[in-house]
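Below is one structure, written out as structure tokens; comments come after it.
4 protein chains.
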Amino acid sequence: LPSADDSGLLAPGRVGSEAERATGDPAFTAALLDAEAALARAQAECGLLPATAAEAVCAAAADRARFHPRDLAERARSGGNPVIPLVADLTAAVRERDPAAAEYVHRGATSQDIMDTAAMLVASRALRPALADLRRAQAALAELAAAHRATPMPGRTLTQHAVPTTFGLKAAGWRALVLDAHDRLAAVRAALPAQLGGAAGTLAAFGAFAGADSADPGPRLASAFARATGLAEPALPWHTLRTPIADLGAALAFTAAALGKIAEDVALLGRPEIGEVREGGGGGSSAMPHKSNPVRTTLIAAAARQVPALAAILTAALTAQDERPAGAWHAEWQPLREALRTVGGACRDAADLTEGLRVDPARMRANLDLTGGAPLTERLAAELADRIGRAPARDALTRAARRSAQEGIGLAAALAGEDALAGALSAHEVTRLLDPAGYLGSAGALVDRALRRRPHPQEAP
Amino acid sequence: LPSADDSGLLAPGRVGSEAERATGDPAFTAALLDAEAALARAQAECGLLPATAAEAVCAAAADRARFHPRDLAERARSGGNPVIPLVADLTAAVRERDPAAAEYVHRGATSQDIMDTAAMLVASRALRPALADLRRAQAALAELAAAHRATPMPGRTLTQHAVPTTFGLKAAGWRALVLDAHDRLAAVRAALPAQLGGAAGTLAAFGAFAGADSADPGPRLASAFARATGLAEPALPWHTLRTPIADLGAALAFTAAALGKIAEDVALLGRPEIGEVREGGGGGSSAMPHKSNPVRTTLIAAAARQVPALAAILTAALTAQDERPAGAWHAEWQPLREALRTVGGACRDAADLTEGLRVDPARMRANLDLTGGAPLTERLAAELADRIGRAPARDALTRAARRSAQEGIGLAAALAGEDALAGALSAHEVTRLLDPAGYLGSAGALVDRALRRRPHPQEAP
Amino acid sequence: LPSADDSGLLAPGRVGSEAERATGDPAFTAALLDAEAALARAQAECGLLPATAAEAVCAAAADRARFHPRDLAERARSGGNPVIPLVADLTAAVRERDPAAAEYVHRGATSQDIMDTAAMLVASRALRPALADLRRAQAALAELAAAHRATPMPGRTLTQHAVPTTFGLKAAGWRALVLDAHDRLAAVRAALPAQLGGAAGTLAAFGAFAGADSADPGPRLASAFARATGLAEPALPWHTLRTPIADLGAALAFTAAALGKIAEDVALLGRPEIGEVREGGGGGSSAMPHKSNPVRTTLIAAAARQVPALAAILTAALTAQDERPAGAWHAEWQPLREALRTVGGACRDAADLTEGLRVDPARMRANLDLTGGAPLTERLAAELADRIGRAPARDALTRAARRSAQEGIGLAAALAGEDALAGALSAHEVTRLLDPAGYLGSAGALVDRALRRRPHPQEAP
Amino acid sequence: LPSADDSGLLAPGRVGSEAERATGDPAFTAALLDAEAALARAQAECGLLPATAAEAVCAAAADRARFHPRDLAERARSGGNPVIPLVADLTAAVRERDPAAAEYVHRGATSQDIMDTAAMLVASRALRPALADLRRAQAALAELAAAHRATPMPGRTLTQHAVPTTFGLKAAGWRALVLDAHDRLAAVRAALPAQLGGAAGTLAAFGAFAGADSADPGPRLASAFARATGLAEPALPWHTLRTPIADLGAALAFTAAALGKIAEDVALLGRPEIGEVREGGGGGSSAMPHKSNPVRTTLIAAAARQVPALAAILTAALTAQDERPAGAWHAEWQPLREALRTVGGACRDAADLTEGLRVDPARMRANLDLTGGAPLTERLAAELADRIGRAPARDALTRAARRSAQEGIGLAAALAGEDALAGALSAHEVTRLLDPAGYLGSAGALVDRALRRRPHPQEAP
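Residue numbers (my numbering), protein chains in the order written: chain H, 1 to 461; chain X, 1 to 461; chain V, 1 to 461; chain L, 1 to 461.
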């Protein structure tokens, strides 16, 4: 029988990325074991179990090869989550090393403590390379913005040519989105919390094991556990207070959709009729030898269409009953993993895309000329308003623009035929006023300002 | 380094189901090979390639062990889809068998022809067990509806008790949803189309290979290809006419959400305070030995929260540019697979759940008594309207219902204290009128009518 | 204080459409009143209330001016739905006409019976003009497909030029989507059901009012009610069996997203650098006198981005508890209305857009020439394979295509420099083989086949 | 003909709220006028137009009655947005006051500058009452948490009873979500930016009007404009850098879904079989006089099902082409307004709900007793492990728990029959160990910690 594995055949966007490896079933199993080991260490630190027992648990948990994801998955069917069989296997492994330590495995915890902590560890590990790739992308875009600070290109609104902009301003805008994504993901990553609440979020079992005479060890243990995992310490157990999941989903969706904006622009500007930018490299076609497809662009665009919907599942999972819900929690696992690895892949592709992007200022200039100066009527209108009045200026320009479009002559030629303008504008002035490179407004100043922004340095280890 | 595999650790709802196996990367790879083999067979049938070449292609494609999903996935990065490396491997395999046949592999086709056809084959194969499970579920629910045709239970609206209903009517309603899901999925499955259009959907390459003197072989070949795959023949190549994908997504979302309604009801009615039904079996807890959790119910509810969002990605993929879009197509693959296997798992769990459901008519009756007859004020109002007028009846009933609730006495007792009713209703009549089993309206007739419906027999092989 | 009204300021896509009027609060209020009137008529037909009472109810319900949506909306706050205050107002109005009839208003029904029936009436009324507009659009597209059956244009895949297609085939594909949308909406519309179940879906109150000695009037009344509304008769009350809502949502999402495909293509093809089609009319700009924006295209694209998400709310509403859920039902109202009117507007705009579309075959031809014949290497490869072998042919073509792209010379010139082809292809043959109009494959036959399809005639009144 | 108005008939959740008024078409029109007035003031401040002209614009814009939303909406059809007709009307109004000032209306700006700025003003105004309501809700929940710091109730996981928790801890958890929502919305509100970029985001027209000899006024003007609106100053024009919209959507979705968690819990705990809390007030039923429905809870739950999907539209709108997209921008308007008012209504209802919530500690205690001590086996297991060993303890407890459930006897009675426990536990100890009030773990300490958190004070005016 064929296996049930998804090993990336349908997800080229993330194949081979660090985020993919960090989110596979083996990595998730490792994170589950890390959570159990941290629990044992923290309890030992709080005097709730012998140090030797904690050592045995940690040693057994470190022997990853003993734990088989598919086997755990199959045995997860009866209880609904993989922690139950994992605890059984870990207990057996500990017993082999130190029979007395076996009873301390998972003691006082609930499955959700381990699952949620593991999910946060996986998220933290998957986001590290994603953040690094976003920093690569912003650096590449900063270079493009600086290099093309004064490279005019058509501004495009509602698909038509508007007044000129610069490629530098466009790249600076893309970079602003990359930085927005970076800073949101970095802030979320730094806040990823450990989870420890026990059966119903009161940490009661830890007190029971500590004995009736002991002070309540709950808060101290929760703190030690967070330290042992390297995650943040939450104010409350969050079994059904799913802010961390919703925040993670929102930041991942933001990132995918923001990178999608860059991909949409590159896809458009790289069409043969436009040709202003081109993805470096480029993929083959199974049917057409001549084709060079913008593959990275395509895969980023595909990510942008998937992650917001996955994040909507995570946001909706906030709405959950009780101290642990029957479904809302289970519905998070697969979408969260898929969002993490899809975004991780998109960040890598965005870094490669922006680093390899080819820019063609000559095509930009040629495209500016396509509309024969029409977008600059705005400028002429301003100039002429002072000379012949606003309404007559507008009328003359509208007539000339229409004639220019209908007869396929440049706007300068059409203007020359306008009696109302006779004497108001010399041919030389018309040439100057219709030069797109002279009508870039604050584009350069805006690029400069945007480039002063740096990625937020905040980052958890 | 750990692998990137998803082998079900985070998706217990689908682990072990036939739908899971039918949608794994090995199964998808097999479907890609089936599509290539069908293409060779169809071209041979149309005289576009030698019969021996088609045989060599089919034989090579049947040797599944030669094709490694992860290897294909990694090589899919450069072109953006796994067909390009698969064609390379298949060509090599064919060359080993028959060097002359190698040039006929994938001839005239585009990657999307093979990917889409494979996706439809996978969908067809994954839906077969899902449909069978839905038929199991409807049969189980039909038995429950018949057995409990007259079992009264509280009707519940806006969380409060309304007038009584019967468990038979509730089960009949659940079954109606299961049948709706079954019939929608069966109709979609019967219409799943093959895909053949060549590079831009004109089938032009097949004509080129046929030679300038031949009649255009396109339509005939498209027909032969559909027959060879066992899929439906579409009117047009549908590279960017994604009706089949959107329809599939809608039917899958419907199924998950409809089964979710059953799960929500079972989850509620199985709470210890209500106790009217109980999932058979029941899962353990890692922390609490006494607990028996409604695991199947939980996993169905988790599916219901995921699939509508996945389907929204598929619907949005309708909105795509050109003859093949840069992203919208690639965004379909993973959500479609995930939706198919998640729904397949939910159908299996729904069949198991409904077949094993324990019903407790005594608890239903006890819960009816909880509200002390209050829901039956509707009936009393009707009865009394004729005797003392509508408004006086309503006033007296409202007063009595309020007193009943405040003083915790039954409605009968409260009614006895209403002067306005003195003489209008005997104690015997009150008892009769407050008997929920006597106020079930058309519940029985509705069950009978609903049970006459049968699953739509339409089904592709 | 400003009013809270949404009168379309933020929704130009639907302003002024028939669907907008059919879904406004006044229209919804009218539908609520129609439902109450139908209930009275049906009960009279079944002998459950006097004919004169039904007449009074119908007359009072017909006096629309008496019912004020905002006033009802404010009074809906206390009970959570507008039927409660509407029944109070209708009862008062009936009492003025016929005091004895007042007690028969809404008798035996629950709010949801009236809300759901009204929603179905509104949907039916809003879909009628939408379906007519889709028929207009398909007719316009049929004309375009026939007129441009042989007009070559670049096939575009992954943003790059692929082999040629025809504008006729593109228009035929758009039409296929329009017909898919039409037929799905028409089927859903024909199946829109009335709702009648009473407090908990058992129709019990009708029996109570009929009296203990009468046969159960429930099923007969449900049937009469459906007839009186003009809607379909459902097998069961569907208070929490929300198939009709989910089906409606799916068909509306399909329609918006399918029209979005047309809009995306038109938006792209109408860019100044491409210029192959142009929206007739065209909107102004507040800043730039020269601009002519594709406004209808834009508004359709905006609809395509909204409706799938609204439909996801409706699908998720299937997952609801009890005999009436506390929230899932209420969550349907606004998204359903918004989806109906947004789609209605998009259908109107799609009809206008397709009827007014300007096509520029000369630009299509010029764009074909942009890539200098490269897409036709597929054809040359087929031709040359027979003459010089497949691999040598491919090598030569790849070299020539690369040189053609790098040196900016046409493919014909580059081919002339290939020694391997010397003698294999005459210059005349090269010219013939590189003519895009000669490499259209089955495009014409596919158009013919697609045009034989007609809109599904099924339609409720 | 009926009007197309949505005046709240289908949205009782928001009817009458301040957020509803702040987001209606009249309020949006007022915000558009405020944006135009701010533009004139800022230009006057920068010396780009005469102070008297700015005064005339401001005075004309303040005459709200002159501007009719429906009329603007109808005239918005031709250009695709309402700013174009609004500018026409405003220009006419200014001309009446000061003919020379007319030409300065909207000078240099693009429609999107005004629409986006108005949307941010509307968002800011709608969020103010929402934030105030969230502060009311957190205060009410803080009181509940403190008052019920030690009130035991069943912890519930996967629908079944787990170990006890306290109502105080549950209320503290609800409050944590309310504070999370508050702080996210407050942060987003404080960052809402003004929009000013001109036709393509370069601010070029302002320089053109300033004259060729002037320094570029762009950045200074953008700054003055932001100050004049009271909004934040963005680093770049954000016509297609939609971070503010996506952030707003994410925070609104978070809020609705988080309040939905409270509503789900209240809905469940208020069921007659559970009865632990009850919504104050309570709505009537059109059919059943006895019913008291949790209306506010219902309306919050309805909001929670709608807003995440609306926000997904806003997140996806990040993925947009060019300097202004044809559709993605237009798709934001209606969902953003709907999300703002739906959330505003839900915040109001959440404040009312939490302030009026009735808590029934006696029912909580009675429900704890329902499961006869079974959840406390966890505690017994810990206690007995020390006395008789972990495995024997677990075996004995599992047997006793099963017998307790099967025979319907309390766990204490079942334990008395376990030989293995003879001598290990006295009856007194059993009673003590099975007292839920003695097994609350760190619940009190967690409540104390959670109550130390305060709403984030950050708030724009």
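Don't be surprised by glycine CBs; every beta carbon is placed ideally from N, CA and C. All values reported here derive from a predicted model rather than from experimental measurement.
The Cβ of V:Leu-310 sits closer than 8 Å to at least one Cβ of chain L. Chain V has a Cβ within less than 8 Å of the Cβ of X:Thr-159.
Looking at L:Glu-264, L:Val-430, L:Ala-328, L:Ala-19, the one whose alpha-carbon comes closest to that of H:Leu-318 is L:Glu-264.
V:Ala-443 and L:Ala-224 have their C-alpha atoms some 59 Å from each other. Taking a C-beta distance under 8 Å as the contact criterion, V:Arg-305 and L:Ile-245 do not qualify as a contact pair.
Around the beta carbon of X:Gly-270, 16 or more other beta carbons lie within 10 angstroms, which makes this residue buried. Just so you know, the alpha carbons of X:Ala-37 and X:Leu-185 end up roughly 27 Å apart. Spatial neighbours of H:Ala-413 in its own chain (CB-CB distance under 8 Å, excluding positions within 5 residues in sequence) are listed in chain order as Ser-404. Looking only at L:Arg-453, L:Leu-446, L:Arg-454, L:His-456, the smallest Cα-Cα distance to L:Arg-149 is reached by L:Leu-446.
Secondary structure note for L:Val-188: it is in no beta strand (DSSP E), and the uninterrupted alpha helix (DSSP H) holding it is 167–190. Between the segment 296–303 of chain X and the segment 159–172 of chain X, the count of Cβ pairs shorter than 8 Å is below three; the stretches do not touch. For L:Arg-156, no alpha helix (DSSP H) run applies; the uninterrupted beta strand (DSSP E) run containing it begins and ends at 152–157, by DSSP. Chain L has a Cβ within less than 8 Å of the Cβ of H:Phe-254. Taking a cut-off of 8 Å for Cβ pairs, the segment 393–403 of chain X and the segment 413–433 of chain X touch, as three or more such pairs fall below it. Taking C-beta atoms as the reference points, L:His-161 and L:Thr-371 count as a pair closer than 8 Å. Secondary-structure assignment with DSSP links X:Ala-232 through a beta bridge to X:Pro-193. For X:Trp-333, the enclosing alpha helix (DSSP H) stretches over residues 333–356. Residues Ile-114, Thr-117, Ala-118 of the same chain have their beta carbon placed closer than 6 Å to that of V:Ala-35, with the five preceding and five following residues left out of the count.
Membership of L:Asp-116 in the alpha helix (DSSP H) is indicated by the continuous run 111–147. For V:Leu-268, the nearest CB of chain X lies under 8 Å from its own CB, placing it at the interface with that chain. Any Cβ of chain H closer than 8 Å to the Cβ of V:Leu-357 would place that residue at the interface, and such an atom is absent. For V:Glu-233 and X:Gly-13, the gap between their C-alpha atoms comes out near 36 Å.
X:Gln-160 has X:Thr-157 as its beta-bridge partners, per DSSP.
Below 8 Å, too few C-beta pairs join the segment 69–84 of chain L and the segment 192–212 of chain L to call them touching: fewer than three.
In this structure V:Ala-42 is in contact with V:Leu-221, their Cβ atoms being roughly 6 Å apart against a cut-off of 8 Å. At a C-beta separation below 7 Å, V:His-182 has no neighbours in chain L, since its nearest C-beta there lies roughly 22 Å away. Residue contact with chain V for L:Asp-5: present (Cβ-Cβ distance below 8 Å to some residue of chain V). Contact with chain H is found for X:Ser-78, since one of that chain's Cβ atoms lies less than 8 Å from the residue's Cβ. Distance from the Cα of H:Gly-441 is smallest, within the candidate group L:Ala-92, L:Gly-218, L:Ala-351, for L:Gly-218. Across the structure, X:Ala-109 and X:Ala-40 are spaced so that their CA atoms are roughly 10 Å apart. Residues of the segment 290–309 of chain L with a C-beta less than 9 Å from any C-beta of chain X: His-290, Lys-291, Ser-292, Asn-293, Pro-294, Val-295, Thr-297, Thr-298, Ala-309, listed in chain order. For X:Pro-82, no Cβ of chain L is located within less than 8 Å of the residue's own Cβ.
Going by beta carbons, V:Leu-451 and V:Leu-434 fall outside the 8 Å limit. Under the three-state reduction of DSSP output, H:Val-359 falls in the strand class.
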